[in-house]
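**Student:** Structure below; questions to follow.
Protein chains: 2
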Amino acid sequence: MTVTLADVAARAQVSPATVSRVLNGNYPVAAATRERVLRAVDELDYVLNGPASALAAATSDLVGILVNDIADPFFGIMASAIQNEIGGPGGRAGGERLAVVCNTGGSPERELTYLTLLQRQRAAAVVLTGGAVEDAPHVAAVAAKLRKLAAAGTRVVLCGRPPAPDTEAVALTFDNRGGGRELTEHLIGLGHRRLGYITGPKERTTTRHRLEGHRAALAAAGIEEDPRWTVHGGYDRGAGHEATLELLRRDPSLTAVVAANDSVALGACAALRESGLRIPEDVSVAGFDDLPFSIDAVPALTTVRLPLAEAGARAGRIAMGREEAPPDGIATITGELTIRGSSGPPGH
Amino acid sequence: MTVTLADVAARAQVSPATVSRVLNGNYPVAAATRERVLRAVDELDYVLNGPASALAAATSDLVGILVNDIADPFFGIMASAIQNEIGGPGGRAGGERLAVVCNTGGSPERELTYLTLLQRQRAAAVVLTGGAVEDAPHVAAVAAKLRKLAAAGTRVVLCGRPPAPDTEAVALTFDNRGGGRELTEHLIGLGHRRLGYITGPKERTTTRHRLEGHRAALAAAGIEEDPRWTVHGGYDRGAGHEATLELLRRDPSLTAVVAANDSVALGACAALRESGLRIPEDVSVAGFDDLPFSIDAVPALTTVRLPLAEAGARAGRIAMGREEAPPDGIATITGELTIRGSSGPPGH
DNA sequence: CCTCGGATAGAAAGCGCTTGCTAGAGAAGG
DNA sequence: CCTTCTCTAGCAAGCGCTTTCTATCCGAGG
């Protein structure tokens with residue numbers, strides 16, 4: 001039926017051990033023998049049995065990448081960069097590793113299940129991207145899993161996610177708080193005093209940090225925040241659209257809307273326009289992330305640029321052991337305030 | 001070190017065979033015994049060894065999803081839908097399958113390598129998404145691989161990709177030609193006679209089909225196409241931006257620009273605006289796919305809506321054998337012309 | 001009371017590959 | 001010319017799980 005190592009060995013007139021060694025290239029094999037084996041492999045069209053190999057060697061070449069939403073370019077861009085460094089086919093690295101992107105949909109259960117699945121596959125490494133859910137039991141459960149994975153020799157890297165305490169996981173964290181603060185400071189600097197804020201999904205670290213940054217900026221400027229100015233939403237444009245309508249209903253005198261991310265900001269722009277408001281003359285809008293489409297919005301979006309691809313690449317290299325982990329296993333990556341047309345002085 | 005089936009068996013005072021049966025649930029086990037085993041599993045925190053299981057059972061629960069560009073929502077949306085049906089954690093289906101998204105970057109070699117990797121892992125199913133490269137040797141190589149995969153029991157489904165001849169692969173194809181034609185007919189109907197076209201990457205089926213549809217519409221309307229009106233590009237906004245500038249340079253009298261997809265269209269809009277042209281008063285723009293951000297463009301993009309999520313879901317179900325394949329293994333999925341603000345009558 | 005059949009559980013033979021150890025063959029050294 | 005290495009290649013023992021075949025235990029039927 002299927003061709004096995006033994007078949008190749010028979011054809012090349014060598015032992016299975018030799019074939020294995022030729023294929024793995026980690027043991028001296030005479031050139032002539034190697035040649036013969038390779039020819040046999042080719043002639044028989046042999047394909048290694050991954051599971052058998054993984055079982056015998058007690059390692060696999062699977063690398064897991066967990067993302068919250070695969071349809072969101074925020075994750076797509078990171079995943080792409082990670083995968084590139086992981087050394088999948090054509091990637092920068094040599095080995096042929098299978099990078100598997102797992103879509104958790106932001107659900108804690110799915111996240112946990114995927115981690116178990118990866119543990120089951122004896123994954124070589126796991127990269128968790130994006131914000132984490134803050135529910136205490138879940139945080140503990142994830143930490144426990146990560147510890148187990150690490151114990152089994154799986155390298156764990158967090159990319160754009162806060163550190164996991166009591167864990168060997170390396171963390172590359174985005175400075176969401178700082179970015180949020182800068183953004184709002186910029187708006188305040190333009191003269192805004194009444195700013196609406198649309199958050200991401202509740203219970204997410206990213207959501208909380210960006211909001212905290214926003215509030216820190218307000219506090220620093222001595223602006224007292226009105227509770228009506230904050231609306232909880234999600235990370236998609238629809239959420240931004242609805243939330244903006246709600247904000248306008250609550251306080252039509254707002255002169256700026258800060259969104260949890262660019263997609264939300266886009267939805268906000270749409271809602272504002274539908275309401276007959278001009279951007280930025282009547283209301284300024286700001287996003288976060290600087291995804292590719294943000295520059296094409298009209299007006300172009302003021303936002304905080306996050307080096308998604310760079311962070312992903314670095315995470316990938318660390319996961320493969322090709323780059324040293326940052327001191328203490330934690331590195332903070334800062335965003336860059338990017339001012340464009342969607343923000344301007346209020347009320348003119 | 002790691003807990004094995006045997007450990008669990010010892011703890012539960014049964015044979016390894018019984019534990020395996022409890023875990024797989026495909027053989028009668030007395031309730032009391034099952035109970036005992038489950039408790040042992042829990043107490044020892046046992047995690048099945050995937051490779052060992054796959055080796056012994058000669059099957060795995062891996063499902064591969066090949067995409068051309070994971071950072072592009074076009075693929076993200078499909079992948080997400082597929083994964084949901086595949087029955088990954090939390091998905092609709094029961095089993096816990098590991099859906100792995102592989103990013104080929106549009107490269108034929110990577111595509112082939114990933115297929116080999118999946119074959120190596122004895123994947124349960126493989127879904128290939130998006131347009132294919134048309135290079136003859138590569139098409140043959142892929143077909144050969146797909147045949148081999150099918151022979152090994154792997155179900156193969158193509159989603160948004162033309163059928164692979166001489167293959168058992170089920171194909172859900174998008175009617176790119178028809179969509180392209182409708183779109184251009186719409187523009188011609190508005191009165192446009194000089195239409196620029198920005199293609200996707202060369203040698204891709206999607207690129208060719210959309211362009212063919214466009215030309216068919218021109219021909220049907222008796223419009224003779226000027227070679228200068230076609231610029232070859234890519235699928236990202238940058239390509240659209242550049243290509244549009246080039247189109248304007250070649251023939252400033254164009255009254256409409258048809259783009260290979262929405263991202264390209266967005267880039268085109270930006271370029272037009274920079275050139276001081278209004279949309280749609282001076283130049284109409286049309287995209288393709290109707291990605292989420294297209295409705296938020298200003299003006300909102302006229303495009304062809306492709307039911308990405310639906311198609312993905314269906315592909316996923318077929319891959320899992322939960323839905324019957326279409327007759328002859330081929331189904332054509334049509335897009336829906338979606339007219340919005342970016343297209344209007346020329347020259348007013 | 002004995003036999004037979006249905007339900008459960010166990011024994012054991014692999015699944016295809018890796019790798020520690022051993023063996024043979026020349027090359028080099030004494 | 002024999003011993004001692006250095007190279008290569010083979011042997012064989014698993015890796016941890018699944019599954020066929022067999023054994024055992026009971027209650028039912030004769």
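Chains as they are written, first to last, in full-length UniProt numbering: chain A, 1 to 348; chain B, 1 to 348.
Idealized CB from N, CA, C, for every residue including glycine.
(1) For the segment 253-274 of chain B, which residues have a CB atom closer than 8 Å to at least one CB atom of chain A, in sequence order?
(2) What is the residue span of the beta strand (DSSP E) that residue 178(B) lies within?
(3) What is the residue span of the beta strand (DSSP E) that residue 129(B) lies within?
(4) Roughly how many whole angstroms lie between the Cα atoms of residue 96(A) and residue 61(A)?
(5) Using 8 Å as the threshold, is the segment 21-38 of chain B in touch with the segment 21-33 of chain A, meaning 3 or more CB pairs across them?
(6) Does residue 113(B) come out as helix, strand or coil in the three-state DSSP assignment?
(7) For residue 152(A), return the contacting residues in chain B, with the cut-off set at a CB-CB distance below 7 Å.
(8) Could you please tell me which residues of the segment 275-296 of chain A, in chain order, have their CB closer than 8 Å to any CB of chain B?
(9) With a threshold of 8 Å between beta carbons, is residue 44(B) in contact with chain A?
(10) In chain order, what are the residue ranges of uninterrupted alpha helix (DSSP H) at least 4 long that sit wholly in the segment 38-67 of chain A?
(11) Which partner residues does residue 198(B) have in the DSSP bridge list?
(12) What are the residues in the segment 293-317 of chain A lying within 8 Å of chain B by C-beta distance?
(13) Where do the ends of the alpha helix (DSSP H) carrying residue 245(B) lie?
(14) Please confirm whether residue 79(B) and residue 312(B) have their CB atoms less than 8 Å apart.
(15) For residue 234(B), decide whether its Cβ has a neighbour in chain A, counting only Cβ atoms nearer than 8 Å.
(16) To the nearest angstrom, how far is it from the Cα of residue 324(B) to the Cα of residue 103(B)?
(17) May I have the straight-line CA-CA distance separating residue 236(A) from residue 82(B), to the nearest angstrom?
(18) Using a Cβ-Cβ distance under 8 Å, would residue 323(B) count as near chain A?
(19) With distance defined between alpha-carbon atoms, name the residue in 192(B), 278(B), 120(B) nearest to residue 255(B).
(20) Could you tell me the alpha carbon to alpha carbon distance between residue 91(A) and residue 172(A), rounded to whole angstroms?
(21) Which parts of the segment 271-300 of chain B are runs of the beta strand (DSSP E), unbroken and 3 residues or longer, counting only runs that do not cross its ends?
(22) At a CB distance below 9 Å, what residues from the segment 69-87 of chain A approach chain B? Give them in sequence order.
(23) Is residue 103(B) helix, strand or coil by DSSP?
(24) What residues from chain B crowd round residue 96(A), counting only those whose CB sits closer than 7 Å?
(25) Can you find at least 3 beta carbon pairs, one from the segment 120-129 of chain A and one from the segment 100-120 of chain B, that sit closer than 8 Å?
(26) Okay, do the segment 263-270 of chain B and the segment 207-218 of chain B touch, 3+ Cβ pairs below 8 Å being the bar?
(27) For the candidate residues 13(B), 45(B), 54(B), 309(B), whose alpha-carbon lies nearest to that of residue 355(B)?
(28) May I have the straight-line CA-CA distance separating residue 84(A) from residue 308(A), to the nearest angstrom?
(29) With burial defined as no fewer than 16 other Cβ atoms inside 10 Å of the residue's Cβ, what is the status of residue 1(A): buried or exposed?
(30) Does the structure place the segment 314-333 of chain A close enough to the segment 3-17 of chain B that three or more beta carbon pairs sit under 8 Å?
(31) Using a cut-off of 8 Å between C-beta atoms, extract the partners of residue 122(A) located in chain B.
(32) Can you pull the chain B residues whose beta carbon is under 9 Å from the beta carbon of residue 100(A), in chain order?
(33) Check whether the segment 141-154 of chain A touches the segment 267-278 of chain A, taking contact to mean three or more Cβ pairs, one atom from each stretch, closer than 8 Å.
(34) Could you check which residue in 4(B), 39(B), 66(B), 17(B) has the C-alpha nearest to that of residue 49(B)?
(35) Quick one: which chain B residues come within Cβ less than 9 Å of residue 171(A)?
(36) With 7 Å as the C-beta to C-beta threshold (strictly closer), list the residues of the segment 201-231 of chain B near chain A in chain order.
**Tutor:** Taking the geometry as given:
(1) 263, 266, 267, 269, 270, 273
(2) Numbered from 1 along the second sequence, position 178 holds the residue referred to as residue 178(B). Element bounds for residue 178(B): not the beta strand (DSSP E) but the alpha helix (DSSP H), 176-190.
(3) Locating residue 129(B) in the second sequence gives position 129, counting from the first residue. Residue 129(B) -> beta strand (DSSP E) spans 125-129.
(4) The sequence position of residue 96(A) within the first sequence is 96, counting from 1. The sequence position of residue 61(A) within the first sequence is 61, counting from 1. Computed Cα separation, rounded: 7 Å.
(5) no
(6) Reading the second sequence from its first residue, position 113 is the one you call residue 113(B). Here residue 113(B) sits in helix by DSSP.
(7) As a first step, residue 152(A) must be located in the first sequence, where it is residue number 152. Within chain B, the residues 2 have their CB atoms less than 7 Å from the CB of residue 152(A), given in chain order.
(8) 292, 293, 295, 296
(9) Translated into the one-based positions of the second sequence, residue 44(B) becomes position 44. It does not; no Cβ of chain A falls within 8 Å.
(10) 50-57
(11) Position 198 of the second sequence, counted from the start, is the residue given in the question as residue 198(B). Bridge partners of residue 198(B): 231(B), 259(B).
(12) 293, 295, 296, 297, 298
(13) Position 245 of the second sequence, counted from the first residue, corresponds to residue 245(B). That run of the alpha helix (DSSP H) goes 237-250.
(14) As a first step, residue 79(B) must be located in the second sequence, where it is residue number 79. As a first step, residue 312(B) must be located in the second sequence, where it is residue number 312. A contact, by the Cβ cut-off of 8 Å.
(15) Indexing the second sequence from 1 puts residue 234(B) at position 234. For residue 234(B), the answer is no, since every Cβ of chain A falls outside 8 Å of its Cβ.
(16) Counting from one through the second sequence, the residue named residue 324(B) turns up at place 324. Counting from one through the second sequence, the residue named residue 103(B) turns up at place 103. Distance between the alpha carbons of residue 324(B) and residue 103(B): 27 Å.
(17) For this step, residue 236(A) is matched to residue 236 along the first sequence. For this step, residue 82(B) is matched to residue 82 along the second sequence. Spanning the two alpha carbons is a distance of roughly 20 Å.
(18) For this step, residue 323(B) is matched to residue 323 along the second sequence. No, residue 323(B) does not count as interfacial toward chain A.
(19) Position 255 of the second sequence, counted from the first residue, corresponds to residue 255(B). Measuring from the Cα of residue 255(B), the nearest candidate turns out to be 192(B).
(20) To locate residue 91(A), count along the first sequence from 1; it is residue 91. To locate residue 172(A), count along the first sequence from 1; it is residue 172. Residue confidence is low: residue 91(A) scores 45 on pLDDT, short of 50, so the model does not pin down where it sits. No coordinate-derived value is stated.
(21) Look at the segment 271-300 of chain B and you find these whole runs of beta strand (DSSP E), each 3 residues long or longer: 284-286.
(22) Those would be 69, 70, 71, 72, 73, 75, 76, 77, 78, 79, 80, 81, 83, 84, in chain order.
(23) Counted from its first residue, the second sequence places residue 103(B) at position 103. If DSSP states are grouped into helix, strand and coil, residue 103(B) belongs with the strands.
(24) To locate residue 96(A), count along the first sequence from 1; it is residue 96. What residue 96(A) touches in chain B: 113, 117.
(25) Two segments are said to touch when three or more pairs of C-beta atoms, one from each, lie closer than 8 Å; by this definition the segment 120-129 of chain A does not touch the segment 100-120 of chain B.
(26) Contact fails between the segment 263-270 of chain B and the segment 207-218 of chain B, because fewer than three Cβ pairs, one in each stretch, are under 8 Å apart.
(27) In the structure displayed, chain B extends from 1 to 348; residue 355(B) sits before or after that span and is not available.
(28) As a position in the first sequence, residue 84(A) is number 84, starting the count at 1. As a position in the first sequence, residue 308(A) is number 308, starting the count at 1. One C-alpha to the other measures close to 13 Å.
(29) As a first step, residue 1(A) must be located in the first sequence, where it is residue number 1. Answer is exposed; the Cβ neighbour count stays below 16.
(30) With a cut-off of 8 Å on Cβ pairs, the segment 3-17 of chain B is not in contact with the segment 314-333 of chain A, counting fewer than three such pairs.
(31) Taking the first sequence and counting its residues from 1, one reaches residue 122(A) at position 122. 49, 50, 51, listed in chain order.
(32) If you number the first sequence from 1, residue 100(A) lands on position 100. Listed along the chain, the chain B residues whose CB falls inside 9 Å of the CB of residue 100(A) are 62, 64, 98, 99, 100, 101, 102.
(33) no
(34) Here residue 49(B) is taken as the residue at index 49 of the second sequence, counted from 1. Out of 4(B), 39(B), 66(B), 17(B), 4(B) has the C-alpha closest to the C-alpha of residue 49(B).
(35) On the first sequence, residue 171(A) is found 171 positions in, with the first residue counted as 1. Going along chain B, no residue has its Cβ under 9 Å from residue 171(A), so there is no contact; the nearest lies around 23 Å.
(36) Residues: none.
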